[in-house]
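Below is one structure, written out as structure tokens, with a few remarks after it.
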């Protein structure tokens, strides 16, 4: 008899350990599913930007070939000069140079976006790896728990209250998992828009600095020109990064909309118009970010409320199971049902 009691107590302790693991990892499967979708979206963005880089590299090669054809051609230079079109040749050469620089800038922006996406993917893969370990641990605990439970309840049982409590836990867990998945999605949208907001604000700051250099001519004309071009390049790079982040957020929430188009390739003389366009993007993004924060807070409140419901249901199930273990360890026969739970 004592050996039987000791065995049941041992099983009870093992069951408690498995239940603790299941409670700790209850949101891991839904979080892993969400993380895999996130990685899939990043891969789509990476494929698109890689294709864009390939096209821009080819375009850059062609533009450089055309530019070199004019720059290094003594015959063309002499022919234009001989016909009195020296200024026309200079304008043509300058135009080809600008086209080459524009393509080079586009390629640089695409490479910057690719690097940012690669960083996001590395972080996402690490998060997926951690979640996969949690899911493996959960599956092992669930399998061992089921085996232990089957050893005790391998045949139809009169313990209907345990079955009812189990169904309550399953129902509460489904509701909680759905709410938690929504919470994680809203959290990713919020975090992604936070990063996009930082990028767009930096872009506006760069354009502000470029405009000041254009207006006030800090450091002389040459220095001011260099400052303008550097600011424009940095602003373009940041706004491109912001657009990529917004595109990622759109895969998670249909409420996220594209940023307004801003032509950042028109040259420094249009820097004020670019600044106005970037400010418009910043205002729209700020509005979307506020909405995302509100939705995250609402999802968090709902998830916390359902977590309490789940915790209550789980405690009730544990109490029912404890009663079963105590009943089975009693001197009565296992077929006899325990007294009703009050």
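Residue numbers (my numbering): 1 to 342.
Where is the CB? At the ideal position from N, CA and C, for every residue including glycine.
For residue i, is the classification buried or exposed, using 16 other Cβ atoms within 10 angstroms of its Cβ as the cut-off for buried?
i	result
residue 27	buried
residue 321	buried
residue 313	buried
residue 126	exposed
residue 261	exposed
residue 319	exposed
residue 297	exposed
residue 95	exposed
residue 41	buried
residue 186	buried
residue 409	A question about residue 409 goes unanswered here, because the residues of the chain that appear run from 1 up to 342.
residue 210	buried
residue 136	exposed
residue 119	exposed
residue 190	buried
residue 295	buried
residue 15	buried
residue 25	buried
residue 51	exposed
residue 200	buried
Compute the Euclidean distance between the alpha carbons of residue i and residue j, then round it to the nearest angstrom.
i	j	result
residue 307	residue 231	49 Å
residue 141	residue 61	58 Å
residue 107	residue 47	15 Å
residue 143	residue 104	57 Å
residue 362	residue 110	In the structure as shown, the chain starts at 1 and stops at 342, and residue 362 therefore has no counterpart that could be examined.
residue 163	residue 317	9 Å
residue 145	residue 35	27 Å
residue 323	residue 147	19 Å
residue 64	residue 55	14 Å
residue 175	residue 112	41 Å
residue 121	residue 293	23 Å
residue 239	residue 58	24 Å
residue 286	residue 196	10 Å
residue 301	residue 32	22 Å
residue 23	residue 228	57 Å
residue 303	residue 192	21 Å
residue 255	residue 133	33 Å
residue 309	residue 299	15 Å
residue 219	residue 68	Because residue 219 carries a pLDDT of 49, less than 50, the predicted location of this residue cannot be relied on, and no value is offered for it.
residue 288	residue 311	34 Å
residue 139	residue 253	30 Å
residue 172	residue 30	15 Å
residue 98	residue 53	19 Å
residue 315	residue 128	30 Å
residue 264	residue 44	25 Å
residue 271	residue 208	9 Å
residue 20	residue 131	17 Å
residue 282	residue 124	26 Å
residue 102	residue 305	54 Å
residue 251	residue 274	27 Å
residue 17	residue 284	50 Å
residue 249	residue 100	33 Å
residue 290	residue 194	10 Å
residue 38	residue 160	42 Å
residue 259	residue 188	18 Å
residue 184	residue 66	51 Å
residue 117	residue 257	20 Å
Please confirm if residue i has its CB atom under 9 Å from at least one CB of chain C.
i	result
residue 21	Given the protein chain composition of this structure (a single chain), no chain C is represented.
Discussion item. Within 8 Å, do at least three Cβ pairs link the region 166-173 to the region 231-240?
Written reply: no
Discussion item. Measuring CB atoms only, is the region 197-205 touching the region 269-279, in the sense that at least three cross pairs come out at less than 8 Å?
Written reply: yes
Item to complete: Could you tell me whether the region 173-181 touches the region 238-245, where touching means 3 or more Cβ pairs closer than 8 Å?
Response: Using a Cβ-Cβ distance cut-off of 8 Å, the region 173-181 and the region 238-245 are not in contact, since fewer than three pairs of beta carbons, one from each stretch, lie closer than that value.
Worksheet item: What are the uninterrupted segments assigned as alpha helix (DSSP H) that are 4 or more residues long and contained completely in the region 271-333, given in chain order?
Response: Listed in chain order, they are 271-328.
Fill in: Secondary structure, alpha helix (DSSP H): runs of 4+ residues fully inside the region 163-216
none
Worksheet entry | Every unbroken beta strand (DSSP E) inside the region 112-153 [3 residues or more] | none
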